[in-house]
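Chemist: First the structure, then my questions, so here it is.
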Amino acid sequence: MFTAIFGAFESGIIYAIMALGVYLSFRVLDFPDLTVDGSFVTGAAVAATMIVSGVNPFIATIIAMFAGFIAGCLTGIIHTFGKINALLSGILMMIALYSINLRIMGKSNVPLLNTETALTYVREFWDKIGIDSFFNILLSMVGLGDSLPRTWGIIIFMVLVTFTIKFFTDRFLSTEIGLALRATGDNKRMIRSLSANTNLMVILGLGLSNAMVALSGALIAQQGGFADVGMGIGMIIIGLASVIIGEALFGTKTIARTTLAVIGGAIIYRIVVTMALRVEFLEPGDMKLITATIVILALIMPKIIDRTKEKKRKAKRLAESVSLSELPSGRKGEAGAAIKSDS
Amino acid sequence: MKPVLQLNQIHKVFNEGTPDEKLALDTISLILNEGDFVTVIGSNGAGKSTIMNIISGVIFPDAGSVYIDGQNVTAMSEYKRAKLIGRVFQDPMAGTAPLMTIEENLAMAYSRNKTRTLKKGVTKKRKDYFREVLETLHLGLEDRLNAKVGLLSGGERQALSLLMATFTEPSILLLDEHTAALDPARAELITKLTKEIVEKYNLTTLMVTHNMQQALDLGNRLIMMDKGQIILEVDEKQKEELTIEQLLNEFQRIRGTKMASDRALLS
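Sequence lines, in order, name chains A and B.
For the first sequence, our numbering assigns the number 1 to the initial residue and increments by one for each residue that follows.
For the second sequence, our numbering assigns the number 1001 to the initial residue and increments by one for each residue that follows.
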């Protein structure tokens, strides 16, 4: 159990980078960008292909990120200059990327087993320091000694990477250009009247968003030991789920808070999926169905909660007016019961 | 006197060659000198908004040219010429970003005539400055710098839009019926603020309004439009003595019909 949650946490923190990218396009720019399904694989494909052909894995990862940036910019260009609907431009790019990803990899799957990747480097480096034994002793002390994880290195490295990206995203969104980018998603007409080039902002925003998505894809490929042309299917929904879950659970008061919430959402999403897959009758193939269900629930729940609150308020008002007009106490009890059953 | 805004022979037809063809502006010329405050009145469909949109670059004229500060901006894109223009829209929701805070909105307006960089948008120094300019509105907004603009009332948002359009001293200020969507008390407040701000920065201003009284109270010149033409120009001297009745009579004399705008008559 602990090992499973540990694994979920580890991939959750990597997927969190992708979720931050989706947050940037979906929330900040108000642009439902389906490019994500393709650019995630582009990141994985570029990184895997380059690593296999002997390029330093860290450099390969950075180039993968750059490839994602270009893919995002292209979606932005199709949308702004081609004046094609946002959803459609994303879908077109996603489809185009499928072929491009196949071209990059030359086949539908590139295995990275027994290859030096960025994450194996991190792990080797970590093993040399030997802090693991310290963590493992701690775990043994709380009685989890029989389910020790392989290494703590990757998770700590990934927390560092993800939070660095979060920090820079927060900072960027408070710069003059960042403010103009946010306003492009909030009120285009206004920011255009304040001399910002909204087309450029959309292109830049989508570029940055997809750079994060591709980085996430590159790291997932190195963590999982392969890049596959189908690994991006439904990625946008996973990103959305993370954003929505995170926002609902941790709040959106400030930008820094929201990006933190998105990271939290990505981790919780992974844990929920891991738990769901442990249920007897569910199979790994059901994963997309589970994801869709989670997103639908996450989208509907806030509305239901609001309605329940509204009902409660009404019931309370009713109860007050009832007690004012001094009707029999049975009625009052009924109103009270209604409140309780709702909460 | 230096001309700040020059419209030369502007012609604009919408949906040309279709049954919906509509002549919006019929070869209009207009010059605003430095410090001029011109109010524009006219019935619905007279072309008032089209003029505003052509000056700000939302639409482009079929013929004619637009000069701002001696610079030919006829073909310049909207966002580029926005460096020279301050704008307030009719819809109080249109001029501000609701999900962003008051200080962030002001910071974006502050960058209007500058190149945007990767420096922080809201700095300590700018905050002090924002507080200072917000005080001139007397709405208490200076104590709510971190409040999201979406939480403000329509009047407050319009006052903020007005401030955002003006405090960087644009070459020309365009006000497009900016009090029309507000209740009378709020409209009066915005009218008063407009007067104060335009005087304070000595802004060259073009204001479209449906409210005849407002058109007479504000500004030093007045023009009346109908069917894409300027049918009456009133200069500073004549404007001081002008009344609403005279304006309506004048319209009837020129056009031979009554002015077709209930809103104008009622207000």
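The C-beta atom is built at its ideal place from N, Cα and C for all residues, glycine as well.
Hey, does B:Lys1048 have any beta-carbon neighbour from chain A nearer than 8 Å?
Modeler: False, the Cβ-Cβ gap to chain A never drops below 8 Å.
Chemist: Consult DSSP for A:Arg171 and reduce its assignment to one of helix, strand or coil.
Modeler: DSSP places A:Arg171 in helix when its eight states are reduced to three.
Chemist: By the 10 Å Cβ neighbour count, where 16 or more other Cβ atoms means buried, how is B:Pro1019 classified, buried or exposed?
Modeler: Classification of B:Pro1019: exposed, given that the 10 Å Cβ count is below 16.
Chemist: Give the list of continuous alpha helix (DSSP H) stretches no shorter than 4 residues that lie fully inside the region 1106 to 1189 of chain B.
Modeler: Correct list: 1124 to 1135, 1154 to 1166.
Chemist: Along the region 165 to 181 of chain A, what residues have a CB closer than 8 Å to any CB found in chain B?
Modeler: Those would be Phe172, Ser174, Thr175, Glu176, Ile177, Gly178, Leu179, Ala180, in chain order.
Chemist: List the whole-angstrom C-beta distance separating A:Val46 from A:Ala67, where the pair is believed to meet the contact cut-off of C-beta under 8 Å.
Modeler: With 8 Å as the limit, A:Val46 and A:Ala67 qualify as a contact, their Cβ atoms being about 5 Å apart.
Chemist: Grouping DSSP H, G and I as helix and E and B as strand, with all else coil, what is B:His1210?
Modeler: Reduced to three states, the DSSP call for B:His1210 is coil.
Chemist: Kindly indicate which residue of A:Glu10, A:Ile84, A:Gly7, A:Ala44 has the alpha-carbon position closest to the one of A:Asp33.
Modeler: Closest by alpha carbon: A:Ile84.
Chemist: Using a Cβ cut-off of 8 Å, pull out every chain A residue sitting near B:Gly1121, in sequence order please.
Modeler: Simply Ser174, Thr175, Glu176, Gly178, Leu179.
Chemist: Only counting the same chain, and skipping five residues up and downstream in sequence, which positions put a Cβ closer than 7 Å to that of B:Val1122?
Modeler: So the qualifying residues of the chain are Glu1103, Glu1104, Ala1107.
Chemist: Could you tell me whether the Cβ of A:Thr258 comes closer than 8 Å to any Cβ of chain B?
Modeler: No, A:Thr258 lies away from the interface with chain B (no Cβ there is under 8 Å from its Cβ).
Chemist: Under 9 Å between beta-carbons, which chain B residues line up against A:Ala196? List them in chain order, please.
Modeler: The answer, in chain order, is Tyr1079, Ala1082, Met1108, Ser1111, Arg1112, Arg1116.
Chemist: Have a look at A:Gly7 and B:Asn1113 and give me their C-alpha separation to the nearest angstrom.
Modeler: Each residue's alpha carbon lies about 51 Å from the other.
Chemist: Taking A:Phe9 as the reference, which of A:Asp306, A:Gly225, A:Gly232, A:Ile156 has the closest Cα?
Modeler: Out of A:Asp306, A:Gly225, A:Gly232, A:Ile156, A:Ile156 has the C-alpha closest to the C-alpha of A:Phe9.
Chemist: Contact criterion: CB-CB distance below 8 Å. Does B:Gly1095 meet it with respect to chain A?
Modeler: Closer than 8 Å to some Cβ of chain A, the Cβ of B:Gly1095 qualifies, so yes.
Chemist: Taking C-beta pairs closer than 9 Å, name the residues in chain B that A:Ile191 reaches, listed in chain order.
Modeler: By Cβ distance, chain B contributes Tyr1079, Ala1097, Met1108.
Chemist: Closer than 8 Å, CB to CB, is A:Gly333 near chain B or not?
Modeler: Confidence at A:Gly333 is low in this model, with a pLDDT of 45, below 50, so the placement of that residue is unreliable and no value is reported for it.
Chemist: Hey, could you find the ends of the beta strand (DSSP E) B:Gln1229 is sitting in?
Modeler: Its beta strand (DSSP E) spans residues 1229 to 1234.
Chemist: Smallest Cα separation from A:Gly224: which of A:Ala44, A:Thr3, A:Thr49, A:Ile17?
Modeler: Ranking the options by Cα distance to A:Gly224, first place goes to A:Ala44.
Chemist: So B:Met1100 contacts chain A; which residues on that side make the cut at Cβ distance below 8 Å?
Modeler: What B:Met1100 touches in chain A: Leu179, Arg182, Ala183, Asp186.
Chemist: Just to check my reading of the structure: B:Thr1204 and B:Leu1005 have Cβ atoms closer than 8 Å, yes? What is that Cβ distance to the nearest angstrom?
Modeler: The pair is a contact, with the Cβ atoms about 7 Å apart (cut-off 8 Å).
Chemist: Residues in its own chain within less than 6 Å of A:Lys340 by CB, not counting five upstream and five downstream?
Modeler: Confidence in A:Lys340 is poor, its pLDDT being 43 and thus under 50, which makes the residue's placement unreliable; the coordinate value appears in the next sentence. The answer is none, since no qualifying residue turns up.
Chemist: Would you report the Cα separation of B:Phe1014 and B:Val1040, rounded to the nearest angstrom?
Modeler: Straight-line Cα distance between these residues: approximately 21 Å.
Chemist: In the DSSP assignment, find the unbroken beta strand (DSSP E) run with A:Pro111 in it and report its ends.
Modeler: Where A:Pro111 is concerned, the enclosing beta strand (DSSP E) stretches over 109 to 111.
Chemist: Answer with yes or no whether the minimum CB distance from B:Arg1221 to chain A is below 8 Å.
Modeler: Not an interface residue.
Chemist: Tell me, please, whether the CB atom of B:Glu1104 is closer than 8 Å to any CB atom in chain A?
Modeler: With 8 Å as the cut-off, B:Glu1104 counts as an interface residue toward chain A.
Chemist: Chain A partners of B:Arg1087, CB-CB under 7 Å?
Modeler: In chain order: Ser193.
Chemist: Can you give the beta carbon distance from A:Met212 to A:Gly82, rounded, assuming they're within the 8 Å contact cut?
Modeler: So it is not a contact: roughly 24 Å between Cβ atoms.
Chemist: My assumption, with CB atoms under 8 Å, is that A:Ser193 sits in contact with B:Arg1087. Please give the rounded CB distance.
Modeler: The Cβ separation is near 5 Å, so the contact holds.
Chemist: I need the DSSP call for B:Pro1061, collapsed to helix, strand or coil.
Modeler: It is coil, neither helix nor strand.
Chemist: Could you give the DSSP three-state label for B:Asp1091: helix, strand or coil?
Modeler: If DSSP states are grouped into helix, strand and coil, B:Asp1091 belongs with coil.
Chemist: What are the boundary residues of the alpha helix (DSSP H) that includes A:Pro57?
Modeler: Start and end: 57 to 80.
Chemist: Once you ignore the five residues that flank A:Leu74 on each side, which residues in its own chain have a CB closer than 7 Å to its CB?
Modeler: Taken in chain order, the residues that qualify are Met93.
Chemist: Relative to the alpha-carbon of B:Lys1080, which residue among B:Leu1189, B:Asp1217, B:Gly1057 has its alpha-carbon at the smallest distance?
Modeler: Looking at the Cα atoms, B:Gly1057 is the closest of the given residues.
Chemist: Considering only their Cβ atoms, is the gap separating A:Ala19 from A:Gly217 smaller than 8 Å?
Modeler: Not closer than 8 Å, so no.
Chemist: Taking B:Ala1181 as the reference, which of B:Pro1170, B:Ser1153, B:Ser1111 has the closest Cα?
Modeler: Per the Cα distances, B:Ser1153.
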